[in-house]
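Now the structure itself:
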């Protein structure tokens with residue numbers, strides 16, 4: 003899926019350069035803003051996870067991780083009391099130049115290491131009062147050994163630069179494509195249970211990320227829009243808190259994300 007996502011992003015970027023109509027639309031003029039809210043579905047490449055602490059130092063290889071979309075209910079997706087429960091995206095943007103936007107957003111993704119999978123392990127950890135060593139051996143991720151999740155948010159807090167290319171400028175409906183680039187800080191609240199220790203469960207600056215974005219935008223009456231985005235990027239987490247004892251983990255992986263969002267354009271300040 004990741005290769006397909008990156009290929010499509012490159013296609014969108016190349017196609018945008020050929021777009022014939024480059025006019026500034028009313029809602030992309032300098033001084034305009036927009037806000038959107040929506041939901042995402044993500045996938046991740048396999049990753050090596052290195053765990054360190056006073057009683058352990060080991061690496062798990064090629065760990066499979068998935069997202070965890072919430073069950074589709076009105077309360078989960080549309081109630082103001084449950085809107086932050088599912089995997090969501092929020093973004094605020096400013097047009098600093100015709101068709102060019104700077105934006106700030108958060109992608110509330112979720113990452114779950116697949117339960118009960120068998121992976122290779124190298125290193126050592128304490129078990130039953132003695133240290134056990136492993137060298138490229140199989141180990142199963144049982145519940146009493148490891149549960150590793152960023153389900154309170156693989157929070158991808160990002161700044162982006164995007165360019166709007168108009169394809170169809172209709173009377174009440176416009177069609178646009180929007181390529182862009184984003185850089186992010188990762189602020190997860192990780193749910194990790196390792197070797198029976200109490201989990202940390204704290205927000206923490208754990209790393210950084212970057213991605214390319216390609217969006218298809220349908221705007222109605224120069225005011226409201228629905229938009230679907232495809233992202234492909236990289237995340238590096240050198241410091242994930244795994245317990246209150248100062249234990250940490252590190253990992254890095256590539257990701258792809260598909261989202262659908264709803265938004266509106268507006269003026270923040272009155273024109274003089």
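Numbering (this note's numbering), first residue to last: 3 to 274. Here a beta-carbon is modelled for each residue, glycine too, at the ideal position from N, C-alpha and C.
Any beta-carbon of chain C closer than 8 Å to the one on residue i?
i	result
residue 177	Within the model displayed, chain C is absent; a lone protein chain is all it includes.
With a Cβ-Cβ cutoff of 8 Å, do residue i and residue j count as a contact?
i	j	result
residue 188	residue 208	yes
residue 151	residue 193	yes
residue 100	residue 31	yes
residue 249	residue 55	yes
residue 184	residue 161	yes
residue 231	residue 211	no
residue 111	residue 45	no
residue 60	residue 126	yes
residue 229	residue 260	no
residue 195	residue 149	yes
residue 176	residue 27	yes
residue 252	residue 243	no
residue 131	residue 90	no
From which residue to which residue does the beta strand (DSSP E) around residue i run?
i	result
residue 238	226-243
residue 127	120-129
residue 139	132-142
residue 189	Looking at the DSSP string, residue 189 is not in any beta strand (DSSP E), and its letter there is neither H nor E.
residue 214	209-222
Can you give me the start and stop residues for the alpha helix (DSSP H) that residue i sits inside?
i	result
residue 193	Looking at the DSSP string, residue 193 is not in any alpha helix (DSSP H); the run it does join, the beta strand (DSSP E), is 193-196.
residue 174	Where residue 174 is concerned, there is no enclosing alpha helix (DSSP H), given that its DSSP letter is neither H nor E.
residue 90	That residue, residue 90, is in no alpha helix (DSSP H); its beta strand (DSSP E) goes 90-99.
Out of the options, state which residue places its alpha-carbon closest to the alpha-carbon of residue i.
i	options	result
residue 35	232, 226, 237 and 259	226
residue 245	107, 181 and 198	198
residue 88	95, 99 and 73	73
residue 190	68, 106, 113 and 29	113
residue 98	123, 116, 33 and 29	33
residue 29	228, 64 and 224	224
residue 42	147, 108 and 50	108
residue 38	269, 271 and 265	265
residue 172	234, 222, 196 and 121	222
residue 119	92, 132, 94 and 147	147
residue 155	58, 123, 204 and 180	204
residue 116	144, 174 and 179	144
Could you please give me the residues that DSSP links to residue i through a beta bridge?
i	result
residue 33	Residue 33 is not bridged to any residue.
residue 52	61 and 252
residue 148	196
residue 79	DSSP, once it has assigned bridges, lists no residue as partnering residue 79.
residue 201	Residue 201 pairs with nothing; no bridge assigned.
residue 42	261
residue 109	91 and 158
residue 114	68 and 151
residue 181	216
residue 164	103 and 182
residue 269	34
| request: Taking 8 Å as the threshold, find out whether the segment 65-83 comes into contact with the segment 128-141 through three or more Cβ pairs. | output: With a cut-off of 8 Å, the segment 128-141 and the segment 65-83 do not count as touching, because too few Cβ pairs lie within range.
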